[in-house]
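For the sequence shown, counting from 1, position 279 maps to 278 in numbering that gives the first Met the number 0; every step adds exactly one.
Think of the CB as a built atom: it goes at the ideal place given N, C-alpha and C, for glycine as much as any other residue.
All of these numbers come straight from a predicted model, not from anything done at the bench.
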Amino acid sequence: MRIFNAIKFIMLCFSFTALLSSCFKEEPLNQECDIETARIHTDNPQSLFYDANDTLLVIPSDVNEIKFWIRPGADVTAMAPIFTITPGAKITPENGSVHDFSNGPVKYNLVSEDGNYHRTYMVSFNTTSKTSKDTLCFDFEDYEIKNNSYYIWINKYDTDELKYAWSSGNAGFKLSHSNAKPEEYPSVAISDGGLDGACVKLETRSTGKLGESVGMPIAAGNLFLGKFDVGPALSDGRKATTFGVKFDKKPIKFTGYYKYRPGDVYKDKHLNVISDKKDHAAIYSVMYRNKDENGNDVVLNGHDIKDSKYIVAYADMRDINLTEEWTPFEITYDYYKEIDEEILLNKGYSFTLVFSSSYMGDLFEGAIGSTLMVDKVKVICAQ
Numbered sequence: 000m001r002i003f004n005a006i007k008f009i010m011l012c013f014s015f016t017a018l019l020s021s022c023f024k025e026e027p028l029n030q031e032c033d034i035e036t037a038r039i040h041t042d043n044p045q046s047l048f049y050d051a052n053d054t055l056l057v058i059p060s061d062v063n064e065i066k067f068w069i070r071p072g073a074d075v076t077a078m079a080p081i082f083t084i085t086p087g088a089k090i091t092p093e094n095g096s097v098h099d100f101s102n103g104p105v106k107y108n109l110v111s112e113d114g115n116y117h118r119t120y121m122v123s124f125n126t127t128s129k130t131s132k133d134t135l136c137f138d139f140e141d142y143e144i145k146n147n148s149y150y151i152w153i154n155k156y157d158t159d160e161l162k163y164a165w166s167s168g169n170a171g172f173k174l175s176h177s178n179a180k181p182e183e184y185p186s187v188a189i190s191d192g193g194l195d196g197a198c199v200k201l202e203t204r205s206t207g208k209l210g211e212s213v214g215m216p217i218a219a220g221n222l223f224l225g226k227f228d229v230g231p232a233l234s235d236g237r238k239a240t241t242f243g244v245k246f247d248k249k250p251i252k253f254t255g256y257y258k259y260r261p262g263d264v265y266k267d268k269h270l271n272v273i274s275d276k277k278d279h280a281a282i283y284s285v286m287y288r289n290k291d292e293n294g295n296d297v298v299l300n301g302h303d304i305k306d307s308k309y310i311v312a313y314a315d316m317r318d319i320n321l322t323e324e325w326t327p328f329e330i331t332y333d334y335y336k337e338i339d340e341e342i343l344l345n346k347g348y349s350f351t352l353v354f355s356s357s358y359m360g361d362l363f364e365g366a367i368g369s370t371l372m373v374d375k376v377k378v379i380c381a382q
């Protein structure tokens, strides 16, 4: 009887072990290989950066170029970036290894935990100079087509931070129209449509069945100083749009030229027709503090760009009427708070310009076909 009970006990143990094995199967290996943050450790951050918090960068999911912005003349011959990467991924060169960045970017290669996916990042240190001019001019003459897909705009300025400062929602539109031609995107360049050359054309377009399925049936053509992170684009379109570049001038007014034609049928995000409502464009600018009371980064997005407590100045062109001819505009900034000159000197404020073919486009309301064209924009700053 004891022998029988012993055999029975052993069999139960085997059964229990097998049950555990079936319950605790190995998790599949991670297929991601992203850099999530990049950090520079230095005992004296002010020797490299205008702000100590600039030693840490949060990297959007669609970015392959990681740029640290440093003071002119800073020594970058022996820098050791430290990265937070997705679990299980491997990085080459070694994380935290020392490299000479004085001759240009250093390439980092990542391989996913399962070994099937690869990604390359270019890491560089770029000089951010003081803005030498009191008037910034944006003629939109310089642009290119990114990855054979959509237009991006380039600024030729002595302030390197402004070079690729223009962004749009084109990358988000690509999710729903991956085969679209460059001229079929919401934000495009017109080579000979401006006053004396190129201009920007922003048109509200349908996002098709995919956009409708996630409650984002339209994509307003837009252009703004800031970044667009395609990562949250389908889950939170307003969060994907982050506004502002660090700035060291006090803007007084901004001017330019525009044409505008609203679309015929205004619809809400559920595609309900609102017959008594007409679409109108957005042209506005915001300046805000880019650090909170504890020194943490502040970056405004589509949720708070118009009502954040960190906003210090705002300029908004409220009446944008139908016009088929190039029409000048001039908007003066209203200041809600005094500018701290020391904070301004160290680029503790961020600044954005925003243009959109549909004013409520961030809420996915508007009229398909609404078209805003923009050219010859100037920002006049205090001397």
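- With a cutoff of 8 Å on beta-carbon distance, Asn221 and Leu201 are scored as near each other.
- Counting along the chain, the unbroken beta strand (DSSP E) around Asn108 starts and ends at Val105 to Val110.
- The closest CA to that of Asp191, considering only Ile379, Gly168 and Met372, is found on Met372.
- The alpha-carbon separation between Ser60 and Asp33 amounts to approximately 7 Å.
- Annotation: the continuous alpha helix (DSSP H) that includes Ala170 extends over Asn169 to Ser175.
- Around Ala312, the same chain offers Met286, Tyr332 and Tyr334 as residues with beta carbons nearer than 6 Å, after the five sequence neighbours per side are excluded.
- Secondary structure within the segment 193–273: the beta strand (DSSP E) runs of 3 or more consecutive residues, fully enclosed, are 198–202, 221–227, 240–242, 244–246 and 250–260 (chain order).
- Taken through DSSP and simplified to helix, strand or coil, Ile310 comes out as strand.
- Under the DSSP assignment, Leu55 falls in the beta strand (DSSP E) whose first and last residues are Leu55 to Val57.
- Setting aside the 5 residues that flank it on each side, Leu233 is surrounded in the same chain by Val213, each with a C-beta closer than 6 Å to its C-beta; the list follows chain order.
- Of the candidates Tyr142, Lys173, Thr370 and Tyr348, Thr370 places its Cα closest to the Cα of Tyr257.
- Counting along the chain, Ile304 sits inside no alpha helix (DSSP H), nor does DSSP assign it H or E at all.
- Listed in chain order, the non-local C-beta contacts of Asp315 below 6 Å within the same chain comprise Tyr283, local neighbours out to five positions each way being set aside.
- Proximity of the segment 177–186 to the segment 162–169 meets the contact definition, three or more beta-carbon pairs being nearer than 8 Å.
- DSSP, reduced to helix, strand and coil, places Ile90 within a strand of the structure shown.
- Shown here for Phe124: same chain residues with a beta carbon closer than 6 Å to its own, the five before and five after excluded, namely Phe67, Ile69, Val75 and Phe100 in chain order.
- As the crow flies, the alpha-carbon of Ile379 is around 34 Å from that of Pro104.
- In the same chain as Gln382, and ignoring 5 residues on each side of it, the C-beta atoms closer than 6 Å to its own belong to Asp133, in chain order.
- Taking a C-beta distance under 8 Å as the contact criterion, Asp247 and Lys346 qualify as a contact pair.
- A Cβ-Cβ separation of about 7 Å places Tyr265 in contact with Gly365 under the 8 Å criterion.
- It is roughly 19 Å from the alpha-carbon of Pro92 to the alpha-carbon of Asp113.
- Sorting Arg38, Gln30 and Ser356 by C-alpha distance to the C-alpha of Arg204 places Ser356 at the top.
- A Cβ-Cβ separation of about 6 Å places Pro261 in contact with Lys277 under the 8 Å criterion.
- Rounded to the nearest whole angstrom, the CA to CA distance from Ser111 to Ile39 is 24 Å.
- If you look at Ile69, you'll find it in the beta strand (DSSP E) that goes Glu64 to Ile69.
- Closest in C-alpha terms to Phe363, from the list Ala179, Glu292, Gly171 and Leu344, comes Gly171.
- In the assembly as shown, Asn63 is an exposed residue. Its beta-carbon has fewer than 16 other beta-carbons within 10 Å.
- In this structure, the CA atom of Trp325 is about 36 Å from the CA atom of Gly230.
- Taking C-beta atoms as the reference points, Val122 and Ala51 fail to come closer than 8 Å.
- In the three-state reduction of the DSSP assignment, Asn154 falls in the coil class, being assigned neither a helical nor a strand state.
- Lys238 and Asp303 have their C-alpha atoms roughly 9 Å apart.
- Within its own chain, the residues whose Cβ lies closer than 7 Å to the Cβ of Ile189, once the five positions on either side in sequence are excluded, are Ala197, Cys198 and Lys200, listed in chain order.
- The beta carbons of Phe328 and Thr254 sit about 6 Å from each other, so the pair counts as a contact at 8 Å.
- Scanning His279, Phe139 and Tyr149 for the CA closest to the CA of Ala179 turns up Tyr149.
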